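Shown next, in structure tokens, is the structure this report addresses.
In structure tokens:
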């Protein structure tokens, strides 16, 4: 009985927010359906993110420097495919991702984090499940961002680049991106960048 009362309370008090989330979820799925089915960038990101140390170091830049992790990983992917990231492509990537990341991905993340520490008067279990739904939608939003970024790169296979040169090119591309952020600490971040590049290429 208590369980059903909790569910009813969740629907009554959180129904409007849940409806917004369901609408956003539906719209994200529609957006995904318009993207190429063969998303090599997404597949690469999923594989790389599982490597030891990658997630931890990416999240540091996300949390401490307000960095766009999907864009950072796009930069690394471009280097593995093209051998370098030119300034024009970096500018186009920023332009393609910035508004979506700022107005869609970040608010979803903020809502998810808020509900982790404060259920806003909702029963704990329904609020937890709702937060998991937000997490799923947030992941879909990042996937849409990555698909849009992948469309900026012409079809090409991996290039044959010396491993050390590859790491240097990857570092250079990431450093150029981070140096343009409001919260960048310049040289202070370079050690962490080296650690991230090493983890990605580990």
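Residue numbers (the numbering used here): 9 to 210.
We put the beta carbon where it would ideally sit given N, CA and C, even for glycine.
This structure is a prediction, so every number in the text was calculated from the model and none was measured.
task = Answer yes or no: the CB of residue 126 versus the heavy atoms of the ligand ATP, is any distance below 7 Å?
result = As far as ligands go, the structure on display features none, and thus does not contain the ligand ATP.
query = Expressed to the nearest angstrom, what Euclidean distance is found between the alpha-carbon atoms of residue 188 and residue 95?
reply = 12 Å
Touch test, the stretch 170-190 against the stretch 51-63, Cβ-Cβ under 8 Å, three pairs minimum = no
ask   = How big is the Cα-Cα spacing for residue 44 and residue 151?
value = With a pLDDT of 49 at residue 44, under the threshold of 50, the modelled position of this residue cannot be trusted; read the value that follows with caution. C-alpha separation (whole angstroms): 12 Å.
ask   = Going by C-alpha distance, which of 203, 202 and 162 is nearest residue 93?
value = 162
ask   = Quick one: Cα of residue 53 to Cα of residue 127, how far?
value = 32 Å
message = Tell me which residues share the same chain as residue 113 and place their Cβ nearer than 7 Å to its Cβ, disregarding the 5 neighbours each side in the sequence.
response = 146, 149, 150 and 153
ask   = Enumerated in chain order, which unbroken segments of the alpha helix (DSSP H) with a length of 4 residues or greater are wholly contained in the stretch 152-188?
value = 171-187
ask   = Under 8 Å, do residue 137 and residue 123 count as touching if we go by C-beta distance?
value = no
key: Distance CB(residue 207)-CB(residue 61) smaller than 8 Å   = yes
CB-CB length for residue 181 against residue 87, believed under 8 Å = 6 Å
ask   = Does the beta-carbon distance from residue 75 to residue 157 come in below 8 Å?
value = no
ask   = The alpha helix (DSSP H) spanning residue 110 covers which residue range?
value = Segment: none, residue 110 is in no alpha helix (DSSP H) and carries neither H nor E.
Alpha-carbon to alpha-carbon, residue 190 and residue 73 = 8 Å
task = Sort 80, 48, 49 and 47 by Cα distance to residue 63 and report the nearest one.
result = 80
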